[in-house]
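Input: a single structure, listed below in structure tokens.
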Amino acid sequence: MIYNAIWIFIFILAGLTNINTKVVSLFMLMFEEVKVLDRNSEFYGVPTSVLMENAGRGVADAVRNIGKKKILFFCGLGNNGGDGFVAARHLIDSCTVKVILLGSQDSIKTENAKENYGKIKNIVEEINNVNISDEIKKSDIVVDSMLGVGISGRIRQPYLKCINSVNKSRKTVVSVDVPTGLGTKTAVKPKITVTFHDIKEGMNEKNSGKIIIKSIGIPEDAERYVGPGEMVYYPKPKKGSHKGENGIVLIIGGGPYSGAPALAGLAAYRTGV
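Counting in my numbering, the sequence shown runs from 3 upward without gaps.
This is the structure in structure tokens:
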């Protein structure tokens, strides 16, 4: 409770939030809120590796329920691709599964994704070694696990080629968390999107198909209380800046007990304001 009090004092008194702020939207998650929940979940005892495992299992369950057996995954180099690696592993025993990695294994960006890649690397081929159109033709279901939330600007190769090839096919397409390219001019158009915890900003049936929401074990405290995840809203001070450039904190305390305002003051001091 002391740690929660510190975070609440800092953010309320610095004017960065107010008592009514919620980490999770009642109707959909903003892109930054996803990062907040990931960090807060780790803080409250659920590591991102567990979230990825649960996410991948949820995708596998949804794909398995479609009933078709030849599954082709397009996996990116980040955590969205990591979710795909997990899903592919859970489907290996009951389906014919192939994974196409959009880059080299040395370019995989996160430790969780690298770990899950290692568990299925015998069924993975790098994109430069395959004919995308031929692989799509041989599949029943295409799983889009290329890019996750928060993508902006122009989609680059090889993602652009994959998106266009997937959209031209008449295969059943399942997107992981969000359709790759959501919010840009070039996005995957899935039949189904399996999203996690809640619908993400900008998703609807027109651009995401049927939306299936899967719980992945994010603890209630991660969205109920302010935690270290909220630091994404706080701009990192520029190197060489001084306290006068990083905000002003007003701390108000009442009564004869000075411990809480003193604690808040020390916490604020440590942030560099």
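Glycine residues also receive a C-beta, built at the ideal position from the N, C-alpha and C atoms. Since the structure is predicted, the reported quantities are computational estimates derived from the model, not experimental observations.
With 16 as the cutoff for other CB atoms within 10 Å, does Lys202 come out buried or exposed? On the sequence shown, residue 202 is found 200 positions in, with the first residue counted as 1. Buried is the call here.
What does DSSP give as the partner residues of Cys77 in its beta bridges? Taking the sequence shown and counting its residues from 1, one reaches residue 77 at position 75. DSSP lists Leu103, Ser147 as partners of Cys77.
Nearest-angstrom Cα distance between Thr23 and Ser51? One-based indexing of the sequence shown puts residue 23 at position 21. One-based indexing of the sequence shown puts residue 51 at position 49. Note on Thr23: pLDDT 31, under 50, position unreliable in the model; the coordinate value appears next. Approximately 28 Å, taken between the alpha carbons.
Three-state secondary structure (DSSP) at Ile214? The count along the sequence shown starts at 1 and reaches residue 214 at position 212. In the structure shown, Ile214 sits in a strand (DSSP, three-state: E or B).
In the DSSP assignment, the beta strand (DSSP E) including Ser177 goes from what residue to what residue? The sequence position of residue 177 within the sequence shown is 175, counting from 1. Run containing Ser177: 174-178, per the beta strand (DSSP E) assignment.
Between which two residues does the beta strand (DSSP E) harbouring Glu128 extend? Position 126 of the sequence shown, counting from 1, holds the residue named residue 128. Here the beta strand (DSSP E) through Glu128 covers 126-128.
When you compare each of Leu252, Asp85, Ile138 to Val180 by their alpha carbons, which one comes out closest? Sequence index remark: in the sequence shown, residue 180 carries index 178 (1-based). If we check each option's Cα against that of Val180, Asp85 comes out closest.
Rounded C-beta distance between Ala224 and Val251? I'm assuming under 8 Å. Mapped onto the sequence shown, residue 224 falls at position 222. Mapped onto the sequence shown, residue 251 falls at position 249. Wrong, their Cβ atoms sit about 25 Å apart, outside the cutoff.
Val168 lies in the alpha helix (DSSP H); which residues open and close that run? On the sequence shown, residue 168 is found 166 positions in, with the first residue counted as 1. It spans 161-170 - the alpha helix (DSSP H) in which Val168 sits, taken as one unbroken run.
Give the straight-line distance between the Cα atoms of Val48 and Ser217, rounded to the nearest whole angstrom. Stepping through the sequence shown from its first residue, residue 48 is reached at position 46. Stepping through the sequence shown from its first residue, residue 217 is reached at position 215. In a straight line, the C-alpha of Val48 is about 13 Å away from that of Ser217.
Between which two residues does the beta strand (DSSP E) holding Ile194 run? Stepping through the sequence shown from its first residue, residue 194 is reached at position 192. Where Ile194 is concerned, the enclosing beta strand (DSSP E) stretches over 194-198.
Tell me whether Ala115 is buried or exposed, calling it buried when 16 or more other Cβ atoms sit within 10 Å of its Cβ. Translated into the one-based positions of the sequence shown, residue 115 becomes position 113. It is buried - the Cβ of Ala115 has at least 16 other Cβ atoms within 10 Å.
Is the CB-CB distance between Leu74 and Leu103 below 9 Å? To locate residue 74, count along the sequence shown from 1; it is residue 72. To locate residue 103, count along the sequence shown from 1; it is residue 101. No, they are not a contact pair.
State yes or no: is the C-beta of Ser141 within less than 9 Å of the C-beta of Lys193? Position 139 of the sequence shown, counted from the first residue, corresponds to residue 141. Position 191 of the sequence shown, counted from the first residue, corresponds to residue 193. Not a contact, by the Cβ cut-off of 9 Å.
Short of 7 Å in beta carbon distance, which residues of its chain neighbour Leu162, apart from the five on each side in sequence? Order them along the chain. Residue mapping note: residue 162 aligns to position 160 of the sequence shown, counting from 1. Thr188, listed in sequence order.
Where the alpha helix (DSSP H) through Val52 begins and ends: As a first step, residue 52 must be located in the sequence shown, where it is residue number 50. 50-68 is the span of the alpha helix (DSSP H), which, as asked, contains Val52.
I'd like the span of the alpha helix (DSSP H) that includes Gly261, first residue to last. Your numbering for residue 261 matches position 259 in the sequence shown. Run containing Gly261: 261-273, per the alpha helix (DSSP H) assignment.
Based on DSSP bridge pairs, tell me the residues matched to Leu31. Position 29 of the sequence shown holds residue 31. For Leu31, which the question treats as bridged, DSSP gives the partners Lys202.
In or out: Ile215 buried (at least 16 other Cβ within 10 Å) or exposed? Taking the sequence shown and counting its residues from 1, the one referred to as residue 215 is at position 213. Classification for Ile215: exposed.
Nearest by alpha-carbon distance to Gly183: which of Lys170, Glu207, Asn166 is it? The residue you call residue 183 lines up with position 181 of the sequence shown. Residue Asn166 is the option with its Cα nearest to Gly183.
Hey, Ile125 and Val151: beta-carbon distance below 9 Å or not? Along the sequence shown, read from residue 1 onward, the residue named residue 125 stands at position 123. Along the sequence shown, read from residue 1 onward, the residue named residue 151 stands at position 149. No, the pair does not count as a contact, with Cβ atoms beyond the cut-off.
Under the three-state reduction of DSSP, which class applies to Lys187: helix, strand or coil? As a working mapping, residue 187 is identified with position 185 in the sequence shown. Reduced to three states, the DSSP call for Lys187 is coil.
Do you know offhand how far Met205's Cα is from Asn131's? Walking along the sequence shown from the start, residue 205 turns up at place 203. Walking along the sequence shown from the start, residue 131 turns up at place 129. Rounded to whole angstroms, Met205 to Asn131 spans 33 Å at the Cα level.
Is the beta carbon of Asp136 sitting closer than 9 Å to the one on Leu31? Along the sequence shown, read from residue 1 onward, the residue named residue 136 stands at position 134. Along the sequence shown, read from residue 1 onward, the residue named residue 31 stands at position 29. No; because the gap between Cβ atoms is not below 9 Å, this pair is not in contact.
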